[in-house]
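For the record, the sequence lines run as chains A and B. If you're matching positions, the first sequence starts at 24 in this note's numbering and goes up one per residue. If you're matching positions, the second sequence starts at 3 in this note's numbering and goes up one per residue. Structure first, commentary second.
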Amino acid sequence: MNRKARIRKISTFLPEQRLTNDELANRFEKWTSENIFQKTGIKERRFSKETETASDLAVEAAQKIFDSGIVKPSDIDILVMCTQSPDYILPSTSCLVQNRLGLPTTTLTFDITLGCSGYVYGLSIVKSLLENGNGSKALFLTGDTYTKYFHSMDERVVPLFGDGATATYIELDDSKDIDWMGPFVYGTDGKGACNLRIEAGACRMPGYLADPSGKSDPKKSDAPEYLHMNGPEIFTFSLRTVPETLKRLFEKSSCTIDDIDMFVFHQANEYMLEVLRKKLNIPKEKFLIEMTDVGNTVSSTIPIAMERAIAKSTIHEGMKIGIVGFGVGYSWAAGLLVL
Amino acid sequence: MKREEVITEIETALNAEPNSLTVLRKLKEIETYDSVGQLSVIALFDALFDTVIEPKDLAECKTISDLLNLVKDNLS
Chain A
24 MNRKARIRKI STFLPEQRLT NDELANRFEK WTSENIFQKT GIKERRFSKE TETASDLAVE
84 AAQKIFDSGI VKPSDIDILV MCTQSPDYIL PSTSCLVQNR LGLPTTTLTF DITLGCSGYV
144 YGLSIVKSLL ENGNGSKALF LTGDTYTKYF HSMDERVVPL FGDGATATYI ELDDSKDIDW
204 MGPFVYGTDG KGACNLRIEA GACRMPGYLA DPSGKSDPKK SDAPEYLHMN GPEIFTFSLR
264 TVPETLKRLF EKSSCTIDDI DMFVFHQANE YMLEVLRKKL NIPKEKFLIE MTDVGNTVSS
324 TIPIAMERAI AKSTIHEGMK IGIVGFGVGY SWAAGLLVL
Chain B
3 MKREEVITEI ETALNAEPNS LTVLRKLKEI ETYDSVGQLS VIALFDALFD TVIEPKDLAE
63 CKTISDLLNL VKDNLS
């Protein structure tokens with residue numbers, strides 16, 4: 024019997040500091056706590072301390088996997104970390120995490136620089152690595168501190184995003200002759216890059232620290248060093264892309280909505296999720312929304328939602344789960360999982 | 003679909019009072035035509051006409067009539 028990659032455990036870690044809707048209503052005078060919740064579906068979101076980085080959050084999430092006893096650090100063959108808020112421009116954050124977790128120096132380790140689609144891409148990549156002779160036990164981490172990229176008065180992003188990390192332990196399993204993960208479908212459209220980006224700080228535009236013209240100004244919310252998002256463009260991209268992506272996934276897997284027990288989409292914002300659910304005719308009981316107290320945690324949204332649903336027994340072993348990640352890039356992917 | 007029916011749908015999407023919107027009503031005067039209200043109109047036209055409106059086209063609309071013109075091919 025062939026051994027296939029299977030998710031065995033998901034753990035999550037959120038930083039302690041919270042930004043509530045009451046605090047946001049004090050910051051943005053035109054809003055009330057209630058209408059922030061009505062617009063976003065979010066009551067609070069976590070944010071990292073100034074000295075707390077993605078690797079810190081990811082290490083905590085990974086340690087929970089090890090503390091459960093399901094696997095030891097010395098048994099890990101593959102470590103992949105998905106982040107768009109690395110500790111440093113280089114080296115890869117996963118290298119730092121390998122060292123901090125005490126994983127073997129023979130571990131296959133690298134970063135994935137994706138956001139909203141990152142969890143789905145990452146699962147597909149880890150599955151391929153495991154099933155092609157590169158090891159039998161993998162740790163796939165997601166972790167972001169997007170809140171460090173904001174101007175505090177940018178009302179387009181501050182209410183929506185939160186920081187967090189997850190760890191997913193995946194191993195080869197031959198207990199049943201099934202594909203526990205897959206198939207997957209993917210998509211990319213770089214024309215949408217300008218609609219969710221940080222323009223300055225890397226090589227194309229060094230940013231105010233290296234800007235001789237003086238045009239970059241960290242005090243201004245429209246400075247290119249901050250995260251900027253064009254919400255309507257992201258919304259229309261999602262309306263166009265997600266249905267077509269699910270259609271491709273169903274064709275590839277010979278499945279229909281009826282065959283899927285639960286859909287877990289990237290938890291971008293509740294209003295958009297509900298519009299997509301209705302457009303796709305997915306029953307409410309088959310559509311997971313789990314973001315009220317965490318917000319949009321980028322590539323961590325899908326595993327956070329899954330971990331919470333598993334803890335509540337909303338989803339359980341044997342269920343078929345449809346996951347869809349879509350957003351920054353534009354990049355998107357969808358896949359099927361059997362828990 | 004008739005123009006009056008679409009206007010009724012827009013009123014529902016924007017949580018506006020029934021019969022409160024006319025074709026000449028200025029969008030900036032509608033309290034609920036904010037960032038979420040605009041997404042609501044995009045979602046509405048997609049649901050009614052399977053048409054995803056471009057945000058840049060929506061941004062140029064000043065009145066209810068301008069919104070209707072975005073989907074004029076679907077109106078009777």
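Note that the Cβ used here is the ideal one computed from N, Cα and C, for glycine as well. Keep in mind it's a predicted model, so treat the numbers as computed, not measured.
Residue i vs residue j beta-carbon contact at 8 Å
i, j, result
"L146/A", "L126/A", "no"
"L69/B", "I32/B", "no"
"L162/A", "A190/A", "yes"
"P114/A", "L359/A", "no"
"G254/A", "R179/A", "yes"
"P109/A", "L80/A", "no"
"M329/A", "V287/A", "yes"
"D202/A", "K27/A", "yes"
"T35/A", "A84/A", "yes"
"K72/A", "Q40/A", "yes"
"T128/A", "C118/A", "no"
"S78/B", "K4/B", "yes"
"M312/A", "L296/A", "As written in the sequence, residue 312/A is Ile, which differs from the Met given in the question. Contact: yes."
"I346/A", "Y192/A", "no"
"I9/B", "L23/B", "yes"
"D177/A", "S244/A", "yes"
"V94/A", "R123/A", "no"
Length of the line joining the Cα atoms of residue i and residue j
i, j, result
"D371/A", "S175/A", "Only positions 24 to 362 of chain A appear in the structure, and residue 371/A is not among them; the question remains open."
"T63/A", "L16/B", "16 Å"
"K270/A", "V298/A", "17 Å"
"Y169/A", "T320/A", "8 Å"
"D59/B", "V73/B", "11 Å"
"E274/A", "N58/A", "40 Å"
"P229/A", "I221/A", "11 Å"
"E194/A", "S159/A", "5 Å"
"K44/A", "K302/A", "Reading off the sequence, residue 44/A comes out as Asn, not Lys. Rounded to the nearest angstrom, the two C-alpha atoms are 29 Å apart."
"A291/A", "G215/A", "16 Å"
"N76/B", "F260/A", "22 Å"
"L54/A", "P182/A", "The sequence given here has Trp at residue 54/A, not Leu. Those two C-alpha atoms are separated by around 11 Å."
"L26/B", "V120/A", "60 Å"
"V351/A", "L137/A", "8 Å"
"S322/A", "F349/A", "10 Å"
"D316/A", "L42/A", "10 Å"
"P306/A", "E7/B", "27 Å"
"I148/A", "Y294/A", "31 Å"
"Q107/A", "L152/A", "22 Å"
"E267/A", "F258/A", "15 Å"
"D314/A", "I325/A", "A small fix is needed here, since residue 314/A is Met in this sequence, not Asp. Straight-line Cα distance between these residues: approximately 10 Å."
"P20/B", "D90/A", "58 Å"
"D282/A", "T130/A", "37 Å"
"A357/A", "L262/A", "15 Å"
"S276/A", "M204/A", "11 Å"
"F47/B", "A334/A", "38 Å"
"D197/A", "L164/A", "24 Å"
"E75/A", "C278/A", "43 Å"
Residue burial classification, residue i (beta-carbon count within 10 angstroms, cutoff 16)
i, result
"K150/A", "buried"
"H289/A", "buried"
"G166/A", "buried"
"R69/A", "buried"
"N155/A", "exposed"
"D100/A", "buried"
"C226/A", "exposed"
"I112/A", "exposed"
"C105/A", "buried"
"T14/B", "exposed"
"N218/A", "buried"
"S336/A", "exposed"
"Q61/A", "exposed"
"T52/B", "Per the sequence presented here, residue 52/B reads as Asp, with Thr not at that position. Burial call: exposed."
"T34/B", "exposed"
"S37/B", "exposed"
Cβ-heavy atom distance, residue i to the ligand SAH, below 7 Å
i, result
"T10/B", "By its list of ligands, the structure shown contains no ligand whatsoever, and the ligand SAH lies outside what it can speak to."
*Take every Cβ of the region 141-156 of chain A, pair it with every Cβ of the region 210-219 of chain A, and state whether three or more of those distances are shorter than 8 Å.*
Between the region 141-156 of chain A and the region 210-219 of chain A there are fewer than three C-beta pairs closer than 8 Å, too few to call the two in contact.
Open item on the list: Along the region 165-188 of chain A, where does the CB come closer than 7 Å to a CB of chain B? Name the residues.
Closed with: Listed by position, the residues of the region 165-188 of chain A near chain B (Cβ gap below 7 Å) amount to none.
| request: Below 9 Å between beta carbons is the criterion; list the residues of the region 10-41 of chain B that meet it against any residue of chain A, in chain order. | output: So the list reads D36, S37, V38, Q40 and L41, given in the order they occur along the chain.
_If the cut-off is 7 Å on Cβ atoms, which residues from the region 245-266 of chain A count as contacting chain B, listed in chain order?_
Going along the region 245-266 of chain A in chain order, one finds G254, P255, E256, F258, T259, L262 and R263 with a Cβ nearer than 7 Å to chain B.
Item checked: Residues of the region 45-68 of chain B with Cβ closer than 9 Å to any Cβ of chain A, in chain order -> Contact residues of the region 45-68 of chain B toward chain A are A45, D48, A49, V54, I55, E56, P57, K58, L60 and A61 (C-beta to C-beta distance below 9 Å).
Residues of the region 270-302 of chain A whose Cβ lies closer than 8 Å to any Cβ of chain B, in chain order:
Within the region 270-302 of chain A, those residues whose Cβ lies closer than 8 Å to any Cβ of chain B are, in chain order, Y294, M295, V298, K301 and K302.
inquiry  = Residues of the region 38-64 of chain A in Cβ contact with chain B at a cutoff of 7 Å, in chain order, please.
reply    = Flagged, chain order: K62.
### Message
Does the structure place the region 242-250 of chain A close enough to the region 332-343 of chain A that three or more beta carbon pairs sit under 8 Å?
### Response
The count of Cβ pairs closer than 8 Å, one atom from the region 332-343 of chain A and one from the region 242-250 of chain A, stays below three, leaving the stretches out of contact.
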